[in-house]
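Participant: Read top to bottom, the protein sequences are chains A and B. First residue of the first sequence? That's 14 in this note's numbering, and the numbers climb one at a time after it. First residue of the second sequence? That's 38 in this note's numbering, and the numbers climb one at a time after it. By construction, the Cβ of each residue, glycine as well, lies at the ideal position given by its N, Cα and C atoms.
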Amino acid sequence: MSGPLVAEFRDPETLRQALRRVKESRHLPLDAFTPYPVEGLDEQLAVGPSGIRHAMLAGGLIVAALAFGLQWYSAVIDYPLNAGGRPLNSWQVFLLVPFEVGVFAAALCGAIALLWSCGLPRLHHPLFEIPGFERATQDRFFLLASAEQSDEAARDLRDVLERSGAVVVTEVRQS
Amino acid sequence: MTAILEQTSPPPYRWIAASRASDLEITQAVAEPLFARAGAAWWISMLLSLVFVLWFAGSIGWLFYKGIGIWGVNSTVVWGVAIANYVWWIGIGNAGTLISAMLLLTRQKWRGSINRFAEAMTLFAVTIAGIMPIVHVGRPLYVYWLAPYPNTMALWPQWRSALVWDFWAIVSYLLFSILFWYVSLIPDLATMRDRTRTRAGQFLYGAFALGWRGSAVHWRRLKTWHTTMAALGVPLVCSVHSIVGLDFAASLMPGWQESIFPPYFVVGAMYSGFAMVIVLALGFRWGLNLQAIITRKHFEVMGRILLMASIVMGYSYATEWFMGWYGGKHSDRSLVAFEFAGTYAPLFWALLACNVVLPQALWFPRVRRSLPALFAIAIAINIGMWLERILIIWNTLSHDYMPSLWRSFHFTFWDWSFLIAPLGFFAFLFLVFVRLVPAVSMFDMRELAHQERAA
């Protein structure tokens, strides 16, 4: 039985071509690792929607509503103060604080949703064991793909990757 | 130290001035200076800025001990340097996020060279801006009363107060900027983690990189978040400086109670911020040998933005004068006359020269392409914008409705301290920043190099 294979490429064009061949040969591309966001790679890998924006919208609106509620409660119910005859519920100026904190809350919810959907923070990962993988954050492009659970399929996948121009193909051992 | 990316001229690409900029070369050009020993220039600047940091700390300590009477403020001119500093610093602070977010939303790919330190500028400037109201309130030990919390006094903040709006605007904006800056720094921290050779470096960069491995899925998610943050950041920035404008506009004073104030403050923020980015970019370019990454073309387009902003500023000033005259109120008309011919008239003319007249030189391509000229104009704009902020305060307060109250402001040593020492503190924060994290976004630069076919 074989684990998924990770192949190292010198440039993004070769990586994308290899990805196309892996898909054509009915193996399963899992992920790619690149030093910068390569345009179109996410579509080739069919990355699904993440729900980050929904989290941001919901978090922002909820916190903004809470902030408005706090102002309304304190200014109307708990500590009514007649300031120059202005209405206790001065909702026009009470919108300023909810906007500010709402935007920050949206940003925070988005950051949490981003990390959550990426499975980060995860300081260690089996891929970090692959020799040379530290170059994925510098100048090399990696493709992670898995074959069906047979030695023959794994051999074929390795063959496809090597013929597509991979510098090295390594098996990922999962703990 | 020689640059890893050699600058070639004329620049072979639009935004990269090197004949070849491979992923590795970009990485090395940005990351290597952080692993090398700091040069003499850095140490000298550091020592110099430390003097200012101590001066700033000492000034704050003396102010806390003696009270705000150490400044030139008096019972008529109740606001002074601290408030002008607050507006000026938060203006610079707004520009970093505004620049980064607007350039991202308008797909200006050259932003990759400047967005990182422009955002860092935001963090540091907003931090300094946040100190100013605290030192100004007179009873700094009660500053926490601005926060709503259940207390035995059964008191709540006054939500109709501009000071309370400021508190929420600064806090929200500072935290937002930290997130915006840090999350987009994660991929570069991962690069640092993978390049550093020291144990402490691996530990710290590794911890802050959160295990980033450059997955295509993660890049996609990061892009989604980052674009959304930019779309949120632009209205947030506009609202923050609008709230600062409301500090004045929500009062009843002549020259302050104007509906133009919020947008006029936002443009001023972008203006002084871009000028500050140019000053910092010139410093980084020289100090970190980034001539190939921050090109002359970058300075030229920033020069164009300055020119545009200076025209809008001139238009705003003219609108203020026109409305003062057209409104027909005696107090407003006499205030405009006081601005041009009163106690602070020389400063007012200097402000017009710095903000409106001098930047018109940027119409000429030769001036935009000359780095010394651009540097001089950027410094002049920063001075002019500070003068604008202080004159908004002084002119109105010195020339209020009641002539028997007219007084002018006189600088004391401590006014100078609060004006000058924060600049050194700002420089100190930047000197620490350039030694700890990459000052240019490496992944954005790699993407740019591939788009420009320089890689």
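Can you tell me whether DSSP reads Phe182 (chain A) as helix, strand or coil?
Facilitator: One detail in the question is off: residue 182 (chain A) reads as Val in this sequence, not Phe. Strand at Val182 (chain A).
Participant: By the three-class DSSP mapping on this structure, what secondary structure does Ser252 (chain B) have?
Facilitator: strand
Participant: Distance, Cα to Cα, Gln195 (chain B) vs Trp125 (chain B)?
Facilitator: If you take the alpha carbons of Gln195 (chain B) and Trp125 (chain B), they lie about 26 Å apart.
Participant: Flag Leu141 (chain B) as yes if its beta-carbon sits less than 8 Å from any beta-carbon of chain A, otherwise no.
Facilitator: no
Participant: Is there a Cβ from chain A that is less than 8 Å from the Cβ of Arg483 (chain B)?
Facilitator: yes
Participant: Taking the beta strand (DSSP E) that Asp225 (chain B) belongs to, which residues open and close that run?
Facilitator: It is not in any beta strand (DSSP E) - Asp225 (chain B) instead sits in the alpha helix (DSSP H) that spans Ala199 to Arg232.
Participant: Compile a chain-ordered list of the residues in the region 33-50 of chain A whose CB is closer than 9 Å to at least one CB of chain B.
Facilitator: Result list: Asp44, Ala45, Phe46, Thr47, Pro48, Tyr49 and Pro50.
Participant: Select from B:Ala458, B:Pro440, B:Gly351 and B:Phe480 the residue whose C-alpha is nearest the C-alpha of Gln397 (chain B).
Facilitator: When the alpha-carbon of Gln397 (chain B) is set against those of B:Ala458, B:Pro440, B:Gly351 and B:Phe480, the nearest one is in B:Gly351.
Participant: Less than 8 Å between the C-beta atoms of Ala458 (chain B) and Ser96 (chain B), yes or no?
Facilitator: Result yes, Cβ atoms of Ala458 (chain B) and Ser96 (chain B) sit closer than 8 Å.
Participant: Taking buried to mean at least 16 other C-beta atoms within 10 Å of its own C-beta, is Phe513 (chain B) buried or exposed?
Facilitator: Summary: the structure shown does not reach residue 513 (chain B), with chain B confined to residues 38 through 492, and so no result is reported for it.
Participant: With H, G and I counted as helix, E and B as strand and the rest as coil, what does DSSP make of Thr39 (chain B)?
Facilitator: Bear in mind that the predicted position of Thr39 (chain B) carries a pLDDT of just 44, short of 50, making it too unreliable to give a figure here.
Participant: Can you look up Ser150 (chain B) in the DSSP assignment and give me helix, strand or coil?
Facilitator: helix
Participant: Locate the alpha helix (DSSP H) running through Glu56 (chain A), then write down its first and last residues.
Facilitator: Leu54 to Gln57
Participant: With 16 as the cutoff for other CB atoms within 10 Å, does Ala378 (chain B) come out buried or exposed?
Facilitator: The residue in question, Ala378 (chain B), is exposed, as its Cβ has fewer than 16 Cβ neighbours within 10 Å.
Participant: So within the region 85-164 of chain A, which uninterrupted beta strand (DSSP E) runs reach at least 3 residues, ignoring any that extend past its ends?
Facilitator: 154-159
Participant: Suppose contacts are defined by Cβ-Cβ distances below 8 Å. Is Ala268 (chain B) in contact with Ala246 (chain B) by that definition?
Facilitator: no
Participant: Answer yes or no: does any C-beta atom of chain A fall closer than 8 Å to that of Pro224 (chain B)?
Facilitator: yes
Participant: List the residues of chain B that Pro25 (chain A) touches, going by C-beta distances under 8 Å, in chain order.
Facilitator: His487
Participant: Within 8 Å of any Cβ in chain A, is that where the Cβ of Thr134 (chain B) sits?
Facilitator: no
Participant: Out of curiosity, what's the CA-to-CA distance linking Gly145 (chain A) and Ala68 (chain B)?
Facilitator: 19 Å
Participant: If you follow the alpha helix (DSSP H) that Gly462 (chain B) is part of, which residue opens it and which one closes it?
Facilitator: In the sequence as presented, Gly is not what sits at residue 462 (chain B); that position holds Phe. Per DSSP, Phe462 (chain B) belongs to the alpha helix (DSSP H) from Phe450 to Leu473.
Participant: Compute the beta-carbon to beta-carbon distance between Trp431 (chain B) and Phe446 (chain B), rounded to the nearest angstrom, for a pair I have assumed lies under 8 Å.
Facilitator: 5 Å
Participant: With a Cβ-Cβ cutoff of 8 Å, do Trp99 (chain B) and Ile107 (chain B) count as a contact?
Facilitator: Contact flag set, yes.
Participant: So what does DSSP say about Ala486 (chain B), is it helix, strand or coil?
Facilitator: helix
Participant: Are Leu485 (chain B) and Ile53 (chain B) closer than 8 Å when you measure CB to CB?
Facilitator: With respect to the 8 Å criterion, Leu485 (chain B) and Ile53 (chain B) are classified as neighbours on the basis of their beta carbons.
Participant: Per DSSP, Ala45 (chain A) forms a beta bridge with which residues?
Facilitator: A:Leu156
Participant: Measure from the C-beta of Thr164 (chain B) to each C-beta in chain A and report whether the shortest distance is under 8 Å.
Facilitator: no
Participant: Which same chain residues end up closer than 6 Å to Arg426 (chain B) when comparing Cβ atoms and leaving out the 5 residues on each side of it in sequence?
Facilitator: Ala121, Val124 and Trp125
Participant: Starting from Val116 (chain A), find everything on chain B with Cβ-Cβ shorter than 9 Å and list it in chain order.
Facilitator: The answer, in chain order, is Ser209, Tyr210, Phe213, Leu269, Gly270, Pro272, Leu273 and Ser276.
Participant: Taking the alpha helix (DSSP H) that Gly241 (chain B) falls in, what are its first and last residues?
Facilitator: Reading off the sequence shown, one finds Leu at residue 241 (chain B), where the question assumed Gly. Element bounds for Leu241 (chain B): Arg236 to Ala246.
Participant: Report all residues from its chain with a CB closer than 6 Å to the CB of Ser214 (chain B); omit the five preceding and five following residues, and keep chain order.
Facilitator: Thr134, Thr159 and Leu160
Participant: If you follow the alpha helix (DSSP H) that Ala20 (chain A) is part of, which residue opens it and which one closes it?
Facilitator: Here Ala20 (chain A) belongs to no alpha helix (DSSP H); instead the beta strand (DSSP E) covers Leu18 to Phe22.
Participant: Would Asp172 (chain A) count as contacting chain B if we go by Cβ distances under 8 Å?
Facilitator: no
Participant: Report the rounded CA-to-CA distance for Arg405 (chain B) versus Val338 (chain B), giving the unit in angstroms.
Facilitator: 8 Å
Participant: By a C-beta neighbour count over all protein chains shown, 10 Å radius and 16 as the cutoff for buried, is Arg148 (chain A) buried or exposed?
Facilitator: buried
Participant: Excluding the 5 residues flanking Tyr181 (chain B) on each side, which residues of the same chain have their C-beta closer than 7 Å to its C-beta?
Facilitator: none
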